[in-house]
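Let me begin by presenting the structure, written as structure tokens, before commenting on it.
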Amino acid sequence: MSNHFTPVDESTWKRAVHCSVFRNYVEPAFCVSTELDITNFREKLRARSLPFTFSLIFAVTKCANEIEEFRYRFVDGKVVLFDRIDTSFSCMNPETELFKVVTVPMKDTIEEYVSLAAETAEMQEEYFSGPMGNDVFIFSPIPWISFTHISHTNSGRKDQATPLIDWGKYFERDGRLIMPFSVQAHHSFVDGFHVGKLVNSIQNFLDAF
Numbered sequence: 032m033s034n035h036f037t038p039v040d041e042s043t044w045k046r047a048v049h050c051s052v053f054r055n056y057v058e059p060a061f062c063v064s065t066e067l068d069i070t071n072f073r074e075k076l077r078a079r080s081l082p083f084t085f086s087l088i089f090a091v092t093k094c095a096n097e098i099e100e101f102r103y104r105f106v107d108g109k110v111v112l113f114d115r116i117d118t119s120f121s122c123m124n125p126e127t128e129l130f131k132v133v134t135v136p137m138k139d140t141i142e143e144y145v146s147l148a149a150e151t152a153e154m155q156e157e158y159f160s161g162p163m164g165n166d167v168f169i170f171s172p173i174p175w176i177s178f179t180h181i182s183h184t185n186s187g188r189k190d191q192a193t194p195l196i197d198w199g200k201y202f203e204r205d206g207r208l209i210m211p212f213s214v215q216a217h218h219s220f221v222d223g224f225h226v227g228k229l230v231n232s233i234q235n236f237l238d239a240f
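32 is the number of the first residue of the sequence shown in our numbering; add one for each residue after it.
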């Protein structure tokens, strides 16, 4: 993707001190695992014949884009704020049991996004279609198992600030469908408070869908 961004004046930026501290950590990212109630969301998706995975990617991306802290990145060593963040997700080939990484721009409506995501995933033959921009949210659903914690590979790049978002196999609890959900973010830009805002926003979206 090549979305527009605005350079941040770090001399007046309220988060400059926090950023300068955490960007030099050996491991500047942190990961939080929680749960989402998808009961209403799954029911409404089925009624509208919308696929679960692409629809949830849309929902999470929409909510994350509304929180400024999730749109900060490092570009050429400088802090920038993107106008919009798009999506990149893993897609499994059941025959080869290998996944490919598919990048799809965000759309205004769930129907538009789901249609484009399905078409792009179907048409892409390469496992990795080229260097991934940092103006995406990376999604790696793990629908085969439930989990209470998850970790990720680490390239060693301290300026890699792309949030990583995962969810696992949902299950029933007290008549509700519960799904494990995880967010990894760069502490230079995002705190636990902002992850909490995101999770609450997503849950509200799912409940009101």
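Glycine included, each C-beta is placed from N, C-alpha and C at the ideal position.
Per the Cβ contact rule, the region 36-44 is not in contact with the region 184-200 (fewer than 3 Cβ pairs under 8 angstroms). Straight through space, the alpha carbons of Val-226 and Asp-190 are spaced by roughly 19 angstroms.
Non-local C-beta neighbours of Ile-98 in its own chain, meaning closer than 8 angstroms and more than five positions away in sequence, comprise His-225, Lys-228, Leu-229, Ser-232, ordered along the chain. At the C-beta level, Gly-223 and Val-63 come within 8 angstroms of one another.
Counting along the chain, Leu-237 sits inside the alpha helix (DSSP H) bounded by residues 223-239. Here the region 169-184 does not lie against the region 141-158, with fewer than 3 beta-carbon pairs under 8 angstroms apart. Taken atom to atom, the span from the alpha-carbon of Ile-69 to that of Met-123 is near 22 angstroms.
Within a 10 Å sphere around the beta-carbon of Tyr-144 sit 16 or more other beta-carbons, which makes this residue buried. Judged by DSSP secondary structure, Leu-112 falls within the beta strand (DSSP E) whose first and last residues are 109-113. Counting other Cβ atoms within 10 Å of its Cβ, Ser-51 stays below 16 and is therefore classed as exposed. Here the alpha carbon of Glu-203 sits roughly 31 angstroms from the alpha carbon of Val-221.
For Leu-76, the three-state secondary structure derived from DSSP is helix.
If you look at Ser-119, you'll find it in the beta strand (DSSP E) that goes 117-124.
Remark: C-beta atoms of Ser-219 and Pro-59 approach each other more closely than 8 angstroms.
Within the region 33-95, the complete beta strand (DSSP E) segments of 3 residues or longer fall at 36-38, 60-68, listed in chain order.
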